[in-house]
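> Plus 3 on top of the position in the sequence shown (first one is 1) and you've got this note's numbering.
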Amino acid sequence: MTVETRKETLGFQTEVKQLLQLMIHSLYSNKEIFLRELISNASDAADKLRFEALARPELLEGGAELRVRVDFDPEAKTVTVEDNGIGMSREDVIAHLGTIAKSGTADFLNALSGDQRRDSQLIGQFGVGFYSAFIVADRVEVFTRRAGLPASEGVHWSSTGEGEFDIATIEKADRGTRIVLHLKADEAGFADGWRLREIIKKYSDHIGVAIQMPKEHHGEEKDAPAERQWETVNRASALWTRPRNEITDDEYKALYKHVSHDFGDPIAWSHNKVEGKLEYTSLLYVPGRAPFDLYHREAARGLKLYVQRVFIMDQAEQFLPLYLRFIRGVVDSNDLSLNVSREILQKDPVIGSMKTGLTKRVLDMLDKLAANEPDKYREFWKNFGQVLKEGPAEDFANREKIAGLLRFASTHGDSDAQEVSLADYAGRMKDGQDKIYYLTGESYAQVRNSPHLEVFRKKGLEVLLLTDRIDEWLMGYLTEFDGKSFVDVARGDLDLGTLDSAEDKQAQEELAKSKQDLVERIKAALGDEVSDVRVSHRLTESPAVLALGDQDIGLQLRQILEASGQAVPESKPIFEINPSHPLVARLDAETGEQRFGTLARVLFDQAALAAGNGLKDPAGYVRRLNELLVELSS
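1. Leaving out five residues before and five after T284 in sequence, what residues of the same chain have Cβ atoms less than 6 Å from its Cβ?
2. Considering only their Cβ atoms, is the gap separating L100 from V139 smaller than 8 Å?
3. Roughly how many angstroms separate the alpha carbons of E61 and A373, rounded to a whole number?
4. Kindly list the residues whose CB is nearer than 8 Å to the CB of E593, restricted to its own chain and excluding five residues on each side of it in sequence; keep chain order.
5. Is it buried or exposed for N237, if we count other Cβ within 10 angstroms and need 16 for buried?
6. Taking the alpha helix (DSSP H) that T147 belongs to, which residues open and close that run?
7. Relative to the alpha-carbon of I473, which residue among K371, A613, I439, Y326 has its alpha-carbon at the smallest distance?
8. Starting from the C-beta of A493, find all residues in its chain whose C-beta is less than 7 Å away, skip the five residues before and the five after it, and write them out in chain order.
9. Just the Cα atoms here: how many angstroms apart are P621 and Q519?
10. Let me make sure I understand the geometry here. Which of H264, R410, T359 has the alpha-carbon closest to that of R381?
11. Tell whether a beta-carbon distance below 8 Å holds between S207 and R72.
12. Do you know offhand how far V625's Cα is from L635's?
13. Assign M368 to one of three DSSP states: helix, strand, or coil.
14. Is the beta carbon of R70 sitting closer than 8 Å to the one on A213?
15. Buried or exposed for W272, going by 16 or more other Cβ atoms inside 10 Å?
16. Is E544 near E457, with beta carbons less than 8 Å apart?
17. In the structure shown, what three-state DSSP assignment does G107 receive?
18. Could you tell me the alpha carbon to alpha carbon distance between N337 and L63, rounded to whole angstroms?
19. Counting only the same chain and skipping the five closest in sequence on each side, list residues whose C-beta sits under 7 Å from that of R312.
20. Ignoring anything shorter than 3 residues, give me the beta strand (DSSP E) runs that lie fully in the region 259-312, in order along the chain.
21. Under the rule that 16 or more other beta-carbon atoms within 10 Å means buried, what is A49, buried or exposed?
22. In its own chain, which residues sit with a C-beta less than 7 Å from the C-beta of L52, not counting the 5 before and 5 after it?
23. Sorted by chain position, which residues of the same chain lie with C-beta nearer than 7 Å to A171's C-beta, five sequence neighbours on each side aside?
24. Can you pull the DSSP bridge partners for V538?
25. Does DSSP put H455 in a helix, a strand or coil?
26. Tell me, which residues are paired with V423 by DSSP?
27. Tell me which same chain residues have a C-beta within less than 6 Å of the C-beta of E167, skipping the five on either side of it?
28. So what does DSSP say about V333, is it helix, strand or coil?
29. Does the ligand FAD have a heavy atom nearer than 7 Å to the CB of N248?
30. For the region 257-273 against the region 286-297, are there 3 or more C-beta pairs whose distance is under 8 Å?
31. With a threshold of 16 other CB atoms inside 10 Å of the CB of G157, please say whether the residue is buried or exposed.
32. Please report how far the alpha carbon of F133 lies from the alpha carbon of F37, in whole angstroms.
33. Which ranges would you report for the beta strand (DSSP E) in the region 423-447 if only whole runs of at least 3 residues count?
34. If you draw a straight line from the C-alpha of E190 to the C-alpha of P352, how long is it?
35. Please list, in chain order, all residues of the same chain as S43 whose beta carbon is under 6 Å from its beta carbon, the five residues on each side excluded.
36. Compare the beta carbon distance of L391 and I405 with 8 Å and say whether it is the shorter of the two.
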């Protein structure tokens, strides 16, 4: 009997309680993934010991052969997963099995709806590892000792998953972790050797460490007294070291689930071996879904790093730029030292070359996906498009390639779907058009109906409609594509170049001159509300519109800066009028200055609303509008 000391009962973190309730109520339709998750964790523990033992070989305690063992007992209705990896101390157990230290946890829990099908997908997206044991078990025990600690500092953890767990100090001779699952009555079928072997073959054949099970005995041998024998039931070789033509899609998908802790399949992957000046192998995956911490730029990210097939570190972020932080996978280098650290990685010139190559590999993979599987790329863009939009600001060398991967809504279609590429746009440009036109705004409805688009509709010119909060910031770095510069149709004095005939330009100039008196009167009426007033070349239907100065910050970027607490320089809009509109003609004919001022301000406020700007004095606008309505009705 195991002697327990320092025994205490502790409560789970609130988030863990909520997750366990979901597990216990069997949200997963595919319950067998519990074994995949526990084996994956055991494999990670072996990897971590192998790495730490490079500097401290005494941690191996005389046993350098690392393995995972899966055992079962049909009579006791238990399944046991045991490894001889790094193990855990008492503090490790409390930290790892009692809390979830993962950014995005609150977002995840808020997204749960009570719909079992949807919630099970979200849980898979979040990745909960050890807690999946409670899908099939009503009680889970963990016996563990961290390598390097004395046998007297073993730890026994147990819980029914209800809200508390017991933890005690025990004697444990061997390092590593043994997890015993006491199966629920209706899950006792998992305590079966054949079934467990099939699950291991299905999900964990790619694991680089040996997974062992009791050797099957047949006939008289079964009853013969003998020392228990174990046999390896997986391939036990690093998948990325094998030739691509020997690896099945299912094996690639299984490795993805191991390295990413995602329950879903990847959208795409790229397996590549580089030889020559640098030698390394990479296996890079595009996830099928976005993790909850995708927009936490400080969240842990990166690839699993191996050196000559020896695991070095998880989440090595130095190999890919931040805008590709959603990529998962493995990089195995022959050119790095086995004692490499994060600090050394930051200074090693080899890393820069590998980062360049891996970045190109990812962008090529996405380009191929967009060209050959547009439906999958559409799904990728929905999940990761806003993150990819960070690329032009961060990666000047690949700006053109990233631009080719971007997708936008546009006036070419009738939906807000972001499906138009810059190459699509360029292929539809009019003869003589040398600019790519775009408009940013808060919503698709706002930009689609913006007065700024009127002249473009009249001339049949396509305009990109940008409504993501990052878009204005993006366009500050994306200056051209395929030699064609970008033009914000709401900024500056619109010039359509050769798309306007000489007659059109002359008519515009003459109209502006003829309305100079009206422009001056409006300037006086609006005072310091505007930076300028002028006759518009943009409008064909609306009476007025607000334009931005060439150097002014737009509404999107202004809101982002203000939300981050940064000071934003004040700017005033340019007020453009359409003299051919009846309201402007009525304004021009008004002789009373007070009434003229009221009409001018109503037009100005309406233009501000159309631009998505909030009114400084909403009550004043309502009052002036009511005055005009009363006059019309009397």
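The beta carbon of each residue, even a glycine, is placed where N, CA and C say it ideally should be. All figures in this text were calculated on a predicted structure; none of them were measured in a lab.
Inspection of the coordinates gives the following:
1. Counted from its first residue, the sequence shown places residue 284 at position 281. So the qualifying residues of the chain are W243, K276, D335.
2. Residue numbering aside, residue 139 sits at position 136 when the sequence shown is read from its first letter. Residue numbering aside, residue 100 sits at position 97 when the sequence shown is read from its first letter. Annotated as distal: V139 and L100, with beta-carbon spacing of 8 Å or more.
3. In the sequence shown, counting from the first residue as 1, residue 61 sits at position 58. In the sequence shown, counting from the first residue as 1, residue 373 sits at position 370. Their backbone Cα atoms lie some 51 Å apart in a straight line.
4. Your numbering for residue 593 matches position 590 in the sequence shown. Annotation for E593: F599, L602 place their beta carbon closer than 8 Å to its own, counting only its chain and skipping 5 residues before and after.
5. As a working note, residue 237 is residue 234 in the sequence shown. Label assigned to N237: buried.
6. Taking the first residue of the sequence shown as position 1, residue 147 is located at position 144. From DSSP, T147 is part of no alpha helix (DSSP H) but of the beta strand (DSSP E) over 140-148.
7. On the sequence shown, residue 473 is found 470 positions in, with the first residue counted as 1. With distances taken between Cα atoms, I473 lies closest to Y326.
8. Here the question's residue 493 lines up with position 490 in the sequence shown. Excluding residues within five positions, the ones whose Cβ falls inside 7 Å are L442, H455, A550, L551.
9. By one-based count along the sequence shown, residue 621 stands at place 618. By one-based count along the sequence shown, residue 519 stands at place 516. Each residue's alpha carbon lies about 29 Å from the other.
10. Reading the sequence shown from its first residue, position 378 is the one you call residue 381. Nearest C-alpha to R381: R410.
11. Walking along the sequence shown from the start, residue 207 turns up at place 204. Walking along the sequence shown from the start, residue 72 turns up at place 69. In this structure, R72 does not lie closer than 8 Å to S207 by Cβ.
12. Here residue 625 is taken as the residue at index 622 of the sequence shown, counted from 1. Here residue 635 is taken as the residue at index 632 of the sequence shown, counted from 1. So the alpha carbons of these two residues sit roughly 15 Å apart.
13. Counting from 1 along the sequence shown, the entry for residue 368 is found at position 365. Of the three classes helix, strand and coil, the one that applies to M368 here is helix, per DSSP.
14. By 1-based counting over the sequence shown, the position of residue 70 is 67. By 1-based counting over the sequence shown, the position of residue 213 is 210. The answer is yes: Cβ separation under 8 Å.
15. Here residue 272 refers to the residue found at position 269 when the sequence shown is read from its first residue. Result: buried.
16. As a working mapping, residue 544 is identified with position 541 in the sequence shown. As a working mapping, residue 457 is identified with position 454 in the sequence shown. In this structure, the beta-carbon distance from E544 to E457 falls below 8 Å.
17. As a working note, residue 107 is residue 104 in the sequence shown. Caution is warranted here: a pLDDT of 47 is assigned to G107, below 50, making its placement in the model unreliable, and the coordinate value is therefore given only provisionally. Reduced to three states, the DSSP call for G107 is coil.
18. As a first step, residue 337 must be located in the sequence shown, where it is residue number 334. As a first step, residue 63 must be located in the sequence shown, where it is residue number 60. Each residue's Cα considered, the two are about 24 Å apart.
19. Along the sequence shown, read from residue 1 onward, the residue named residue 312 stands at position 309. Correct list, in chain order: A241, T244, D335.
20. 271-277, 283-289, 306-310
21. Against the sequence shown, residue 49 aligns to sequence position 46. A49 comes out buried.
22. Your numbering for residue 52 matches position 49 in the sequence shown. Here the set comprises L62, L69, G88, I89, A150.
23. Position 168 of the sequence shown holds residue 171. Same-chain partners within the cutoff: E7, T8, R9, K10, H159.
24. For the purposes of this step, residue 538 is identified with residue 535 of the sequence shown, where counting begins at 1. In the DSSP secondary-structure assignment, V538 is bridged to I580.
25. Looking up residue 455 in the sequence shown gives position 452. H455 falls in the helix class under three-state DSSP.
26. By 1-based counting over the sequence shown, the position of residue 423 is 420. DSSP lists F411 as partners of V423.
27. Translated into the one-based positions of the sequence shown, residue 167 becomes position 164. Once the five neighbours on either side are set aside, the close Cβ partners of E167 are T12, G14.
28. Counting from 1 along the sequence shown, the entry for residue 333 is found at position 330. Note: V333 maps to strand in three-state DSSP.
29. In the structure on display, the ligand FAD does not appear, and there are no ligands present to speak of.
30. yes
31. If you number the sequence shown from 1, residue 157 lands on position 154. Classification for G157: buried.
32. Position 130 of the sequence shown holds residue 133. Position 34 of the sequence shown holds residue 37. In this structure, the straight-line span from the alpha carbon of F133 to that of F37 is close to 8 Å.
33. 438-443
34. The sequence position of residue 190 within the sequence shown is 187, counting from 1. The sequence position of residue 352 within the sequence shown is 349, counting from 1. So the two alpha carbons sit approximately 53 Å from each other.
35. Residue numbering aside, residue 43 sits at position 40 when the sequence shown is read from its first letter. Here the set comprises H261.
36. As a first step, residue 391 must be located in the sequence shown, where it is residue number 388. As a first step, residue 405 must be located in the sequence shown, where it is residue number 402. Yes, the Cβ-Cβ distance between L391 and I405 is below 8 Å.
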